[in-house]
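Residue numbers (the working numbering): 32 to 230. Note that CB positions come from ideal geometry on N, CA and C, so glycine has one too. This one's a predicted model, so the numbers in the text were calculated from it and none came from an experiment.
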Amino acid sequence: MVNIAIFASGSGSNFEAITKYLQKRKTAKVSLLIYDNSKAYARIRAEKLKVKSVFVNPKKFKSKEAFEKELIKILKAYKIKAVILAGFMRILSPYFVQSFANRIINIHPSLLPAFKGTDAIKKAYLYSVKITGITVHFVDKKIDHGPIIWQEPVKVTPQDTLKTLEEKIHKTEHKIYPKIVEYFCRGRIKIKRRKVEIA
Ligand code: GRF
């Protein structure tokens with residue numbers, strides 16, 4: 032079974048959705064949660080789900096490279112084959128991305144390339160878009176730019192508030208992300224240059 036690590040900085044609701052899905056189906060194993068923020072609620076979720084969690088404090092390292100070398104050391108120790116970013120609020124350097132080339136996946140709460148960066152749901156809402164959604168993509172050296180694996184649209188209705196839209200987006204994330212992670216772990220997602228195929 033493929034061992035994966037999830038990186039998170041905050042609530043960890045995607046971590047929980049992926050972990051529960053894979054624990055039930057036993058198609059891959061979430062072996063590790065890595066978090067970079069001591070207050071991340073993801074840690075509590077990991078405890079409840081009996082997943083090992085490791086806090087890597089960026090402040091303890093004198094450079095980004097040293098921080099990332101530590102991440103890679105931990106990932107190797109746990110024989111991690113893929114890194115799943117789920118609300119990890121830190122930009123990974125080309126060095127790290129290269130070390131796990133085509134094995135790092137991220138989820139973004141908009142239909143990329145629209146509304147890159149932080150607060151994507153709010154940006155889309157304030158723009159009055161009628162359709163937004165979520166994007167699951169491979170991570171490359173540029174932010175929110177890697178080859179897209181899957182996009183799922185979410186309609187914005189006149190009744191939606193920012194809060195209800197956030198809820199709809201998160202619900203969609205929790206439905207889609209675990210499935211894509213499983214597909215990837217089972218070797219059903221192939222990437223050649225920017226072309227992604229799902230078998
Ligand atoms: C999600 O909306 C995800 O798309 C974005 O960060 C959020 C993380 O939420 N990258 P959670 O920590 O998984 O609850």
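Look up residue i in the DSSP assignment and give the residues it is bridged to.
| i | result |
| --- | --- |
| serine 141 | Beta-bridge pairing links serine 141 to no other residue. |
| leucine 64 | Ile37, Ser84 |
| leucine 116 | Phe38, Asn137 |
| isoleucine 220 | Ile229 |
Spatial neighbours of residue i within its chain, please: C-beta separation below 8 angstroms, excluding the five flanking residues on both sides.
| i | result |
| --- | --- |
| valine 87 | Ile65, Tyr66, Asp67, Phe98, Glu101, Leu102, Ile105 |
| arginine 74 | Gly43, Leu64, Tyr66, Ser84, Phe86 |
Relative to the C-alpha of residue i, which candidate in the options has its C-alpha closest?
| i | options | result |
| --- | --- | --- |
| isoleucine 37 | Phe92, Lys93, Met120 | Met120 |
| valine 85 | Ser94, Ala117, Leu63, Ile135 | Leu63 |
| leucine 143 | Ala71, Ile174, Ala39 | Ile174 |
| phenylalanine 127 | Ala113, His139, Ala117 | Ala113 |
| asparagine 34 | Cys216, Lys93, Leu193, Glu228 | Cys216 |
| glycine 43 | Ile115, Asp171, His168 | Ile115 |
| glycine 177 | Ile138, Leu80, Arg76, Lys55 | Ile138 |
| serine 159 | Thr188, Lys147, Asn133 | Thr188 |
For residue i, which residues of its own chain have a beta-carbon under 6 angstroms away from its beta-carbon, when the five flanking residues on both sides are left out?
| i | result |
| --- | --- |
| proline 209 | Ala48, Ile49, Tyr52 |
| isoleucine 135 | Val114, Val170 |
| lysine 60 | Met32, Asn34 |
| alanine 117 | Ile37, Ala39, Asn45, Phe46 |
Who are the Cβ neighbours of residue i in its own chain at under 7 angstroms, not counting the five residues just before and after it?
| i | result |
| --- | --- |
| lysine 111 | This sequence places isoleucine at residue 111; lysine is not what is there. Contacts found: Asn34, Ile35, Ala36, Ser62, Leu63. |
| lysine 154 | Phe146 |
Threshold first: 3 residues or longer. Then list the beta strand (DSSP E) segments lying entirely within the stretch 137-194, N to C.
162-169, 179-186
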